[in-house]
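Protein chains: 4
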Amino acid sequence: MPKVGMPAIRRPQLVEATMAVIDDVGLAGASVSLISKKAGVSAGIINHYFGGKHGLMEETMRSVLRQLSSGVQQRLRLVDRSDPKGRILAIVEGNFDGNQVNSKVTKTWLAFWAHAMHEPALFRLQRVNAQRLLSHLTLELKMLMPAERAAFVAQGIAAMIDGIWLRGALNPDGIAPKSAVAAIEDYLELQLQHASNASPSYPDQQGKN
Amino acid sequence: MPKVGMPAIRRPQLVEATMAVIDDVGLAGASVSLISKKAGVSAGIINHYFGGKHGLMEETMRSVLRQLSSGVQQRLRLVDRSDPKGRILAIVEGNFDGNQVNSKVTKTWLAFWAHAMHEPALFRLQRVNAQRLLSHLTLELKMLMPAERAAFVAQGIAAMIDGIWLRGALNPDGIAPKSAVAAIEDYLELQLQHASNASPSYPDQQGKN
Amino acid sequence: MPKVGMPAIRRPQLVEATMAVIDDVGLAGASVSLISKKAGVSAGIINHYFGGKHGLMEETMRSVLRQLSSGVQQRLRLVDRSDPKGRILAIVEGNFDGNQVNSKVTKTWLAFWAHAMHEPALFRLQRVNAQRLLSHLTLELKMLMPAERAAFVAQGIAAMIDGIWLRGALNPDGIAPKSAVAAIEDYLELQLQHASNASPSYPDQQGKN
Amino acid sequence: MPKVGMPAIRRPQLVEATMAVIDDVGLAGASVSLISKKAGVSAGIINHYFGGKHGLMEETMRSVLRQLSSGVQQRLRLVDRSDPKGRILAIVEGNFDGNQVNSKVTKTWLAFWAHAMHEPALFRLQRVNAQRLLSHLTLELKMLMPAERAAFVAQGIAAMIDGIWLRGALNPDGIAPKSAVAAIEDYLELQLQHASNASPSYPDQQGKN
DNA sequence: TATGAATGAGTTTTCATTCAT
DNA sequence: AATGAATGAAAACTCATTCAT
Numbered sequence: 001m002p003k004v005g006m007p008a009i010r011r012p013q014l015v016e017a018t019m020a021v022i023d024d025v026g027l028a029g030a031s032v033s034l035i036s037k038k039a040g041v042s043a044g045i046i047n048h049y050f051g052g053k054h055g056l057m058e059e060t061m062r063s064v065l066r067q068l069s070s071g072v073q074q075r076l077r078l079v080d081r082s083d084p085k086g087r088i089l090a091i092v093e094g095n096f097d098g099n100q101v102n103s104k105v106t107k108t109w110l111a112f113w114a115h116a117m118h119e120p121a122l123f124r125l126q127r128v129n130a131q132r133l134l135s136h137l138t139l140e141l142k143m144l145m146p147a148e149r150a151a152f153v154a155q156g157i158a159a160m161i162d163g164i165w166l167r168g169a170l171n172p173d174g175i176a177p178k179s180a181v182a183a184i185e186d187y188l189e190l191q192l193q194h195a196s197n198a199s200p201s202y203p204d205q206q207g208k209n
Numbered sequence: 001m002p003k004v005g006m007p008a009i010r011r012p013q014l015v016e017a018t019m020a021v022i023d024d025v026g027l028a029g030a031s032v033s034l035i036s037k038k039a040g041v042s043a044g045i046i047n048h049y050f051g052g053k054h055g056l057m058e059e060t061m062r063s064v065l066r067q068l069s070s071g072v073q074q075r076l077r078l079v080d081r082s083d084p085k086g087r088i089l090a091i092v093e094g095n096f097d098g099n100q101v102n103s104k105v106t107k108t109w110l111a112f113w114a115h116a117m118h119e120p121a122l123f124r125l126q127r128v129n130a131q132r133l134l135s136h137l138t139l140e141l142k143m144l145m146p147a148e149r150a151a152f153v154a155q156g157i158a159a160m161i162d163g164i165w166l167r168g169a170l171n172p173d174g175i176a177p178k179s180a181v182a183a184i185e186d187y188l189e190l191q192l193q194h195a196s197n198a199s200p201s202y203p204d205q206q207g208k209n
Numbered sequence: 001m002p003k004v005g006m007p008a009i010r011r012p013q014l015v016e017a018t019m020a021v022i023d024d025v026g027l028a029g030a031s032v033s034l035i036s037k038k039a040g041v042s043a044g045i046i047n048h049y050f051g052g053k054h055g056l057m058e059e060t061m062r063s064v065l066r067q068l069s070s071g072v073q074q075r076l077r078l079v080d081r082s083d084p085k086g087r088i089l090a091i092v093e094g095n096f097d098g099n100q101v102n103s104k105v106t107k108t109w110l111a112f113w114a115h116a117m118h119e120p121a122l123f124r125l126q127r128v129n130a131q132r133l134l135s136h137l138t139l140e141l142k143m144l145m146p147a148e149r150a151a152f153v154a155q156g157i158a159a160m161i162d163g164i165w166l167r168g169a170l171n172p173d174g175i176a177p178k179s180a181v182a183a184i185e186d187y188l189e190l191q192l193q194h195a196s197n198a199s200p201s202y203p204d205q206q207g208k209n
Numbered sequence: 001m002p003k004v005g006m007p008a009i010r011r012p013q014l015v016e017a018t019m020a021v022i023d024d025v026g027l028a029g030a031s032v033s034l035i036s037k038k039a040g041v042s043a044g045i046i047n048h049y050f051g052g053k054h055g056l057m058e059e060t061m062r063s064v065l066r067q068l069s070s071g072v073q074q075r076l077r078l079v080d081r082s083d084p085k086g087r088i089l090a091i092v093e094g095n096f097d098g099n100q101v102n103s104k105v106t107k108t109w110l111a112f113w114a115h116a117m118h119e120p121a122l123f124r125l126q127r128v129n130a131q132r133l134l135s136h137l138t139l140e141l142k143m144l145m146p147a148e149r150a151a152f153v154a155q156g157i158a159a160m161i162d163g164i165w166l167r168g169a170l171n172p173d174g175i176a177p178k179s180a181v182a183a184i185e186d187y188l189e190l191q192l193q194h195a196s197n198a199s200p201s202y203p204d205q206q207g208k209n
């Protein structure tokens with residue numbers, strides 16, 4: 001008689017082990033045998049639950065991305081819809097959430113980004129995520145500046161977020177969330193000042209802060 | 001006597017083939033046999049010239065980074081030393097040089113960045129490069145604003161450069177150099193205005209443009 | 001559950017196959033693929049059980065040496081502790097035990113002796129074995145002659161044993177155990193006579209036989 | 001125009017290099033490339049002079065055996081034909097000649113002995129040499145004891161010689177010629193005493209010494 | 001005569017996957 | 001559900017040999 005509810009235990013357990021192994025030895029060195037050893041189960045079990053290594057990898061990447069956006073969602077929920085600047089900062093801060101920026105997550109995230117380039121399924125996943133960040137930012141920025149400018153600034157913020165992550169992967173200590181957020185907040189602030197000078201029809205920003 | 005000067009032909013030929021294969025199938029799929037097939041030579045030759053796959057990979061990464069910084073160097077040579085803003089833009093433009101931003105180089109660059117996380121030799125290489133970009137930018141920015149602020153802005157610019165590259169890897173058409181440079185130039189411009197307002201002792205910027 | 005107890009079957013099976021292949025084609029020709037073919041299993045299994053060819057070779061050498069000393073131990077158990085001459089002959093006979101002297105074991109033994117010269121782990125193994133033979137012999141001879149002389153004679157006997165093995169490897173029919181033992185017994189007899197002449201305080205030998 | 005007399009230079013040069021490399025890394029590790037590097041020439045040259053690696057190895061083995069028997073021949077020339085015991089000791093001493101017993105020659109000699117087991121040409125060479133030692137010894141011993149006994153003792157001496165060599169290979173300091181010769185001389189002496197007791201028709205030995 | 005570039009066969013090893021238990 | 005024994009394909013690498021120069 002099979003133990004019931006095993007999938008709910010085994011799947012996250014294996015995904016966790018996968019991240020840990022990728023952190024240890026890189027994506028290239030993350031073999032099924034290493035992952036199963038880390039999880040304390042047999043190698044065959046991966047096929048049982050994920051239909052193969054590929055399935056486990058996809059699930060792991062989904063999990064990484066899910067973790068990342070859940071940090072953003074959580075913080076957004078705390079900020080009023082009518083406070084665009086606050087919401088933008090929430091998005092930024094969510095991206096540098098405490099448990100996101102340690103070396104382990106940074107390396108796994110980067111490994112998947114590179115890997116996704118040649119795996120259509122993962123590529124789509126990654127692209128959707130990148131676009132979502134952009135549209136979230138654009139949506140809020142449109143309340144503070146003209147649409148065209150909003151799109152432009154959103155691209156800048158998104159690039160800075162990912163660039164800080166990317167460069168943070170080279171740092172053994174990971175990313176310092178505070179200075180990361182400060183850099184982007186500074187950028188945003190300048191853009192808002194610029195916007196208010198150029199077109200006085202978007203004065204909301206000053207009032208809100 | 002054997003054919004002379006072959007190393008000068010074979011080594012770049014194999015490095016080229018390596019980039020092409022990484023572009024095709026990713027770093028994970030870039031086997032020695034695939035690379036040698038692409039180069040039209042036997043697999044054994046890679047050991048002959050690079051002492052193993054590892055040597056070829058390191059050389060390829062060096063080549064990618066070299067290409068990147070040579071674009072920067074070339075453009076810097078055309079700009080007067082007393083024009084910091086011009087030099088910063090030269091650095092930025094060099095990073096989005098025409099032959100840098102096609103999908104092939106972007107993907108190879110990203111693949112190596114991720115791979116370097118677990119290869120000490122490549123890691124050092126990558127880190128040195130990332131630091132060089134930063135110090136080049138800081139050096140010039142110091143002529144336009146206080147040292148502390150210069151370091152801060154340099155980080156911002158570096159992050160935007162790498163972030164645009166990273167996000168560009170998701171784009172099948174590669175990076176659009178013009179809008180990439182425009183985004184960073186805009187950021188720089190705002191920072192300069194801010195600096196001149198805050199401390200009138202760095203007025204050079206206005207005169208130079 | 002998988003088939004249990006396979007290691008207990010596979011390991012000796014692979015060691016046996018290794019000896020057979022070394023006998024057939026020599027140590028240099030004993031490839032993993034040949035060995036696994038002889039054992040009727042796949043090549044990969046060797047890594048599964050021995051962690052690589054090296055592990056298999058070490059285990060095989062241990063097995064050869066174990067077989068050799070078990071022959072000696074067996075015969076020693078049948079001889080009274082107070083009969084040094086009998087014990088020495090038991091050691092000698094054990095070294096020319098029936099299943100030791102066929103061409104197969106002789107060649108494997110010699111191949112390993114030569115190979116061990118450049119493999120620290122095997123070298124130690126071989127050296128320990130050579131020393132053990134010597135100390136066993138010395139121990140018994142000390143009851144029949146002065147210590148210094150005992151050490152001298154022990155070296156002689158050990159040399160003759162190994163020399164007969166070595167020269168036996170050149171003989172397609174292997175070693176003739178009887179004449180091998182006879183040659184060494186003759187040597188021992190002469191040494192005992194010499195000892196009893198020189199120092200009448202070691203008369204035990206005559207009484208015991 | 002070819003340099004004349006090159007074979008007379010190159011062949012011994014390569015044979016020397018081969019022995020040195022076998023000493024360094026063992027027969028298994030002695031690749032053509034390593035040998036040619038040691039000799040300071042190109043790899044292709046070995047085919048030129050020896051028709052392949054095999055030819056070089058055979059020549060090297062011949063050289064080792066030649067060196068060994070030349071030591072014996074030299075010493076035999078100094079001893080009167082009518083002094084069998086002296087001639088036997090000359091043979092023994094020749095086998096432990098100063099330049100024979102260092103670790104380098106010992107290891108090469110042993111490596112070839114083991115290797116010869118599976119190379120008909122080398123096997124014959126080795127066998128002829130082993131037989132020659134035996135017949136030299138028998139020839140002299142026949143002048144001191146009955147033919148049958150002479151053959152028996154010759155086997156004993158030959159076994160001790162080779163046994164001491166074999167065991168000497170395990171000793172980093174090589175073989176101590178003096179104690180090696182002493183062990184065999186002792187054995188010979190006992191055999192001669194025994195022979196003179198058993199059959200007084202072979203009294204020469206005593207007179208000669 | 002001599003080189004060393006180049007090859008291709010063969011080696012060990014890794015690894016995802018399958019499967020009997 | 002879970003194991004780990006077993007496989008076979010593919011990987012990197014080694015190496016004797018060939019050959020144009």
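These protein sequence lines map, in sequence, to chains A, B, C and D.
Following full-length UniProt numbering from start to finish, the first sequence increments by one per residue and tops out at 209.
Following full-length UniProt numbering from start to finish, the second sequence increments by one per residue and tops out at 209.
Following full-length UniProt numbering from start to finish, the third sequence increments by one per residue and tops out at 209.
Following full-length UniProt numbering from start to finish, the fourth sequence increments by one per residue and tops out at 209.
We put the beta carbon where it would ideally sit given N, CA and C, even for glycine.
What you are looking at is a predicted structure, and each value in this text was computed from that prediction instead of being measured.
Practice prompt. Whole angstroms is fine: what's the gap from A/M6's alpha carbon to A/Q193's?
Written response: 55 Å
Worksheet item: Buried or exposed: which applies to A/S36, given that a residue is buried once 16 or more other Cβ atoms fall within 10 Å of its Cβ?
Response: buried
Worksheet item: Alpha carbon to alpha carbon, how far is B/S135 from C/A30?
Response: 58 Å
Item to complete: Enumerate in chain order the residues of its own chain whose CB-to-CB distance from D/D97 is below 7 Å, with the five nearest sequence positions on each side excluded.
Response: For D/D97, where only same-chain residues beyond five positions count, the Cβ hits under 7 Å are G71.
Worksheet item: In chain C, which residues lie with their C-beta within 7 Å of the C-beta of residue 218 of chain D?
Response: With chain D running from 1 to 209 in the structure shown, residue 218 of chain D is simply not present.
Worksheet item: Excluding the five sequence neighbours on either side, which residues of its own chain have a C-beta within less than 6 Å of the C-beta of B/A154, listed in chain order?
Response: L134, L137, T138 and L141
Worksheet item: In its own chain, which residues sit with a C-beta less than 6 Å from the C-beta of C/N95, not counting the 5 before and 5 after it?
Response: I161
Worksheet item: Out of B/I91, B/A130 and B/K104, which has the shortest C-alpha to C-alpha gap to B/A116?
Response: B/A130
Worksheet item: Hey, C/A39 and C/A17: beta-carbon distance below 8 Å or not?
Response: Yes. Within cutoff.
Fill in: Residue-chain proximity (A/V21, chain B), Cβ-Cβ < 8 Å
no
Fill in: 8 Å Cβ cut-off: residues of chain C touching D/A111
A114 and M117
Worksheet item: Beta carbon of D/Q191, beta carbon of C/L190: below 8 Å?
Response: yes
Worksheet item: Helix, strand or coil: which one does DSSP assign to B/I175?
Response: coil
Discussion item. If I follow the unbroken alpha helix (DSSP H) through A/K38, where does it start and stop?
Written reply: V32 to A39
Discussion item. Mapping the DSSP letters down to three states, classify D/P200 as helix, strand or coil.
Written reply: coil
Item to complete: Report the three-state DSSP secondary structure of B/L144 (helix, strand or coil).
Response: coil
Discussion item. Excluding the 5 residues flanking B/P84 on each side, which residues of the same chain have their C-beta closer than 6 Å to its C-beta?
Written reply: E140, M143 and L144
Discussion item. I want to see whether chain C comes within less than 8 Å of D/K53, judged by CB atoms only; does it?
Written reply: no
Worksheet item: With a cut-off of 8 Å, do at least 3 Cβ pairs link the stretch 74–89 of chain A to the stretch 109–127 of chain A?
Response: no
Discussion item. Determine whether the beta carbon atoms of C/A121 and C/E58 lie at a separation below 8 Å.
Written reply: yes
Worksheet item: Are D/I22 and D/V101 touching if we call contact CB-CB under 8 Å?
Response: no
Discussion item. Rounded to the nearest angstrom, what separates C/W165 and B/S33 at their Cα positions?
Written reply: 48 Å
Worksheet item: Which term fits A/Q126, buried or exposed, when burial requires 16 or more other beta carbons within 10 angstroms of its beta carbon?
Response: A residue is called buried once 16 or more other Cβ atoms fall within 10 Å of its Cβ, and A/Q126 is buried on that count.
Worksheet item: Is the shortest distance between the beta-carbon of C/A8 and the beta-carbons of chain D less than 8 Å?
Response: no
Worksheet entry | Burial state of D/R149 (16 or more Cβ within 10 Å) | Flag for D/R149 reads buried.
Worksheet entry | Buried or exposed (CB count within 10 angstroms, at least 16 for buried), A/R87 | By the 16-neighbour rule on beta-carbons within 10 angstroms, A/R87 is buried.
Worksheet item: In chain C, what lies closer than 7 Å to D/M160 by C-beta?
Response: G156, A159, M160 and G163
Fill in: Contacts around D/M61, its chain only, beta-carbon distance under 7 Å, and the 5 residues preceding and following it disregarded
Contacts found: F112, L122 and L125.
Worksheet item: Whose CA, out of C/R132, C/A169 and C/P146, lies closest to the CA of C/A158?
Response: C/R132
Fill in: Assigned exposure category for B/G55 - 16 Cβ within 10 Å defines buried
It counts as exposed.
Discussion item. Under 8 Å, Cβ to Cβ, is there at least one residue of chain A near B/Q126?
Written reply: yes
Practice prompt. Could you tell me if B/V64 is buried or exposed, where buried requires 16 or more neighbouring beta carbons within 10 angstroms of its beta carbon?
Written response: buried
Fill in: DSSP state of A/S42 mapped onto helix, strand, coil
coil
Worksheet item: Is it the case that the Cβ atoms of C/K53 and C/I46 are separated by a distance below 8 Å?
Response: yes
Discussion item. Check for me: the alpha helix (DSSP H) holding D/M57 runs from which residue to which?
Written reply: In the DSSP assignment, D/M57 falls within the unbroken alpha helix (DSSP H) covering K53 to R77.
Worksheet item: With distances taken between CB atoms, is the gap from B/E93 to B/V25 smaller than 8 Å?
Response: no
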